[in-house]
Each structure stands twice: as structure tokens, then as C-alpha cells.
Amino acid sequence: MDFAALMSKEISKAKAPASATPDGKKYKKRADEEADRQAAYAAHQAQLEKDRVARETQKRKREEEEAEAKEEREEKRRRLAEESKIRREKEEKEEEARRRKRVGLPELVEKEKEEVVDDDDIVEAELVGLLEEIGEPTSLPGENHRQKVRRYRRVTTVMTTGPIPTSLKLVDEKDMKVEKMPPPEDVEATKWLYRQLASYFTMVLKEWEDALLREDKRDTFASKAAYNAMAQSKQNMTPLFRKFEKGDLDVGILEPVVEIVKAAQERRYVDANDGYLTLSIGKAAWPIGVTMVGIHERSAREKLHESDKGHVMGDEVATGGREAADGLDGWNGRD
11 MDFAALMSKE ISKAKAPASA TPDGKKYKKR ADEEADRQAA YAAHQAQLEK DRVARETQKR
71 KREEEEAEAK EEREEKRRRL AEESKIRREK EEKEEEARRR KRVGLPELVE KEKEEVVDDD
131 DIVEAELVGL LEEIGEPTSL PGENHRQKVR RYRRVTTVMT TGPIPTSLKL VDEKDMKVEK
191 MPPPEDVEAT KWLYRQLASY FTMVLKEWED ALLREDKRDT FASKAAYNAM AQSKQNMTPL
251 FRKFEKGDLD VGILEPVVEI VKAAQERRYV DANDGYLTLS IGKAAWPIGV TMVGIHERSA
311 REKLHESDKG HVMGDEVATG GREAADGLDG WNGRD
């Protein structure tokens, strides 16, 4: 191939038409490219949120199934223990009757037993009517009365639509003000406290999420980091909400959390952060030899008390709840 042919080939390549976009245009505006990129990013974030909700739903379902299986095992254990007790009492009564008959004593007159009624129980006839009203089967194969009551409770439980769905009935903002820890024996006040805490955390999470969605530049590193912090706080807070629903949060954790929330509601964010540090690492001195097990070092161990001990090495649920509470207070006091 000579020089002229090579030049002709290169010139024909240079004159090739520009590649057109899918809509037929030869070029695309930068604004359109930016809009497409933002739309793709928003779709990706929506898919991530959808996947997260699906995972949480699946996890909650699995936890409910495990809790139900555990409760069934406990119920079976109680039933077997009750049957064993009844059988033992019957044998003792028969033995006593034979003994009294042998020595010529009169037979014992059995006292009528008082029927114990469970506060959460529902009469069978009423329970059947309630199940029929909501379109549920009145009975399932192998289902006893207690399991039927649990099924009715589970079906009729209403979940909120906030950042963290919960079965607790949320209170209005005017009723979220936390005053002080109620006494342990006051069950109703403790339930109200759990509702207050769940309502406050739901409100702050919702405001945090809305504030991030209102930002103009959501594709920057800072915006992505803020969104990830918010998502992580929601994930960490979810097990704490489950503790609120069950009402079995340890008092050593609940009391400092109440102090943190109370300080945050009064806009004393420095005190709230101090409360978080106290809850995490404690405030008691760490005497030399506290980890020893010798006879001379045990007195130091006895100087540590639950109220002064940090809970940073506690269970995962408490740790996640503390980190989430710290994140909420940090965002709430950013101004």
C-alpha cells in the first residue's frame, strides 16, 4: 500500500460521523449527564434501602420464630413439670389414703382449688369470635389455647411506619419529655417511659433523615458519610427498640440512657455526651490488681459497683444502642 492510500484511509477515518446518543442527538449536555448520574445514584440508594428493609423484616421474622419456638419449649417444659407435679401429688394422696385406711383414720376432704386467671389470657369463646372478625382461622392443627392467644396477639399487633417500625404506641411530641426513672415496681410508668424513649428516638431519626434528603449536594464524601452514619444508627437502634417492646432492658443501661435523653431534650448536649462516656467506660477508679484473683487482690474487685462500671464490654444490643444514641445526640447538637 502506497503513501496516498494510507493518507486516504486516515482521512476517511477522521471524517467518520460522531456517535449518536440513544435519543438520536450527536452530543449530550453536561447537565443531562449530571441529572442521569443523580437519578442513578438515587435509584441505587433506594434499592439499598429496600434491601435493608427486607433484611430487617426477614431478621425480625426469624427472631419472632425463634422466640415462639423458645416459648413453645418453655411451655412444654412447664406442662411436663405440671403433669409430673400432679402425678406426684396423686401418688402421695393415694399413699396417704391407704395409710389412713390402714390405721383407721377418716378420709381427707379435698379443698376446692381456686382457678388462677392470667391477665393476658382470653376466654376461648371470645377468642374464637375475635379471630373470626379479623378473618383468621379459629384453630390450627395441633394448636392449643395459649398458642392461639399468641397468634391473635401477633396478628393484631400494629407496627408504626417510622424509621424503625415498632409495636409500641408512639406518644405526641408534647408528651416526650422525660423526667426521671420510675421505681422498678411501677410497671405502668416503666411502659410509658419505653414509649417516650421510642417516640423521641423515632422523631430525631426522622428529622435526621429528612435533613439529609433536603441537602443539595448528596453525592459528596461528607454527604455520603452522613447518610451512612444515619443508616448505621438506625441499624444499631433497632435491637434497642426490640428491648423497649419486650420491656426487659437492664436497669443499669436504662437509667443512663434516660439521663442522656433528658440532657438532650434540655439542649445540654455536653452533659449528654458526658453521660454517654460514663455509660460506655464508667466513672469508677480502676485500682491496681482489680483483675487479679489472688486472696490479697479480691478486696479491690469488691470496690467496683454496677452503677460505676462501664458497659462498653456488655452485650451487642446495648453497645449498638449506646452508639446510636451518641450519634443522635451528636447530630441533634450540631448547631
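Residues 11 to 345 in my numbering are what the sequence shown spells out, letter by letter. The beta carbon of each residue, even a glycine, is placed where N, CA and C say it ideally should be. Being a predicted model, the structure only gives us computed values, none of them experimental.
Item: For Gln206 and Val181, believed in contact at Cβ under 8 angstroms, the rounded distance; Value: 6 angstroms
Item: Close-in-space but distant-in-sequence residues of the same chain around Val165 (CB under 7 angstroms, 5 per side omitted); Value: Ile144 and Glu146
Item: Pairwise C-alpha distance: Asn238 and Gln245; Value: 10 angstroms
Item: Val159 - containing alpha helix (DSSP H), residue span; Value: His155 to Thr166
Item: Endpoints, the alpha helix (DSSP H) within which Pro147 is located; Value: No alpha helix (DSSP H) contains Pro147, which DSSP labels as neither H nor E.
Item: For Val181, the three-state DSSP class (helix, strand or coil); Value: coil
Item: Rounded separation between Ala208 and Phe254 - CA only; Value: 7 angstroms
Item: Unbroken alpha helix (DSSP H) run spanning Met240, endpoints; Value: Phe231 to Lys256
Item: Local conformation of Thr288 per DSSP, three classes; Value: helix
Item: As assigned by DSSP and simplified to three states, the class of Val267; Value: helix
Item: Buried versus exposed, by CB contacts within 10 Å (16 or more), Gly285; Value: buried
Item: Neighbourhood of Asp129 by C-beta, 6 angstroms cutoff - its chain only, sequence neighbours within 5 removed; Value: Reliability of the predicted coordinates at Asp129 is poor, the pLDDT of 48 falling under 50, and no value is obtained from them.
Item: As assigned by DSSP and simplified to three states, the class of Thr170; Value: coil
Item: Assigned secondary structure, Glu401 (DSSP; H/G/I helix, E/B strand, else coil); Value: The chain is shown from 11 up to 345; residue 401 falls before or after that span and cannot be answered.
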